[in-house]
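Have a look at the structure below, then the notes.
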Amino acid sequence: MTNRERIIKTLLREKTDRVPFGVSLGFLPWGSTLARWRKESGIADLEPHTYFGYDQGFITVPLEQGPFPRMPEKIIREDSEFIVKTDWRGITMRNRRDGNSMPEFLDYPIKTPDDWKHYKEEKLQLNLTGRIALLDGFVEMSKRTDAPVQVGSFPWGMFGTPRDLLGAEELLIGFYTQPEIIKDMMITYTNLWLELYSVV
Numbered sequence: 168m169t170n171r172e173r174i175i176k177t178l179l180r181e182k183t184d185r186v187p188f189g190v191s192l193g194f195l196p197w198g199s200t201l202a203r204w205r206k207e208s209g210i211a212d213l214e215p216h217t218y219f220g221y222d223q224g225f226i227t228v229p230l231e232q233g234p235f236p237r238m239p240e241k242i243i244r245e246d247s248e249f250i251v252k253t254d255w256r257g258i259t260m261r262n263r264r265d266g267n268s269m270p271e272f273l274d275y276p277i278k279t280p281d282d283w284k285h286y287k288e289e290k291l292q293l294n295l296t297g298r299i300a301l302l303d304g305f306v307e308m309s310k311r312t313d314a315p316v317q318v319g320s321f322p323w324g325m326f327g328t329p330r331d332l333l334g335a336e337e338l339l340i341g342f343y344t345q346p347e348i349i350k351d352m353m354i355t356y357t358n359l360w361l362e363l364y365s366v367v
């Protein structure tokens, strides 16, 4: 049984020759941890899944599932320890230069119903050609590997996506104060994702 078959059968609750165990099935080292392992082991190209004999994890179809074209990234300020920037999703965050913690999220792209209307019109159109531009190369690459393929990935989902548009607090309050906008965000993104996934 191949790795891909094993993982798919496991997800379908079908019989397999053994339980799959892969890095992406619950264990990914922090970037600085992996860098330290590489330095201390003397193995510059150390990859945990091959070194420890894990099954190869999922590979993700490279689709543009969020704002497209992406928002312009902008550094707002920086010092020796931190960088404050707005990322390609429109989220402003303060992050440690060494990457050793989660960012502190400071601001989000949607503040009003009009913001959502403009964002949806400008950034969430299907524009299939641009959103699937890397698909052909991915298909060829996936034929040369035994990894299972997944569509959809971080940071896209029913809670995470509107949270990244509004912020966690505003989203949770919004379920009560503006449920129609929250529902529209979820439906708009779901329809976009289903259209993209149907191409795959």
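Residue numbers (our numbering): 168 to 367. By construction, the Cβ of each residue, glycine as well, lies at the ideal position given by its N, Cα and C atoms.
Pick from T253, Q232, D246: whose alpha carbon is nearest that of M238? Residue numbering aside, residue 238 sits at position 71 when the sequence shown is read from its first letter. Nearest of T253, Q232, D246 to M238, Cα basis: T253.
Since G189 and G224 should fall inside the 8 Å C-beta cutoff, what is the C-beta to C-beta distance between them, to a whole number of angstroms? One-based indexing of the sequence shown puts residue 189 at position 22. One-based indexing of the sequence shown puts residue 224 at position 57. About 4 Å separates the two Cβ atoms, so the contact holds.
Please name the residue in W255, G319, S199, P276 whose C-alpha comes closest to that of V366. Taking the sequence shown and counting its residues from 1, the one referred to as residue 366 is at position 199. Nearest of W255, G319, S199, P276 to V366, Cα basis: G319.
Would you tell me roughly how many angstroms separate the C-alpha atoms of N170 and D331, rounded to the nearest one? Looking up residue 170 in the sequence shown gives position 3. Looking up residue 331 in the sequence shown gives position 164. Between N170 and D331, the C-alpha separation is close to 34 Å.
Can you give me the C-alpha to C-alpha distance between L179 and E172, rounded to a whole angstrom? Translated into positions along the sequence shown, residue 179 becomes position 12. Translated into positions along the sequence shown, residue 172 becomes position 5. Cα to Cα, the separation comes out at about 10 Å.
Which of the three DSSP states is assigned to V186 in this structure? Counted from its first residue, the sequence shown places residue 186 at position 19. DSSP places V186 outside both helix and strand once states are collapsed to three, so it counts as coil.
Alpha carbon to alpha carbon, how far is W204 from Y218? Taking the first residue of the sequence shown as position 1, residue 204 is located at position 37. Taking the first residue of the sequence shown as position 1, residue 218 is located at position 51. Approximately 11 Å between the Cα atoms of the pair.
Whole alpha helix (DSSP H) elements within the stretch 282 to 321, 4-residue minimum: As far as the stretch 282 to 321 is concerned, its whole alpha helix (DSSP H) runs of at least 4 residues are 295 to 298, 302 to 309.
Work out the CA separation of E207 and W360 for me, nearest whole Å. Residue 360 sits at position 193 when you count from the first residue of the sequence shown. Residue 207 sits at position 40 when you count from the first residue of the sequence shown. C-alpha separation (whole angstroms): 42 Å.
Taking M260 as the reference, give the member of I243, S247, N267, E248 with the closest Cα. Taking the sequence shown and counting its residues from 1, one reaches residue 260 at position 93. Out of I243, S247, N267, E248, I243 has the C-alpha closest to the C-alpha of M260.
Taking only the alpha-carbon atoms, compute the straight-line gap between T357 and H216 and give it to the nearest angstrom. One-based indexing of the sequence shown puts residue 357 at position 190. One-based indexing of the sequence shown puts residue 216 at position 49. Taking the straight line joining both Cα atoms gives about 32 Å.
If you draw a straight line from the C-alpha of D282 to the C-alpha of L339, how long is it? Residue numbering aside, residue 282 sits at position 115 when the sequence shown is read from its first letter. Residue numbering aside, residue 339 sits at position 172 when the sequence shown is read from its first letter. Going from the Cα of D282 to the Cα of L339 covers about 18 Å.
Closest Cα partner of L302 within the set Q317, L291, R256: Position 135 of the sequence shown holds residue 302. Ranking the options by Cα distance to L302, first place goes to Q317.
Quick one: give me the first and last residue of the beta strand (DSSP E) that F272 is part of. As a first step, residue 272 must be located in the sequence shown, where it is residue number 105. Its beta strand (DSSP E) spans residues 271 to 274.
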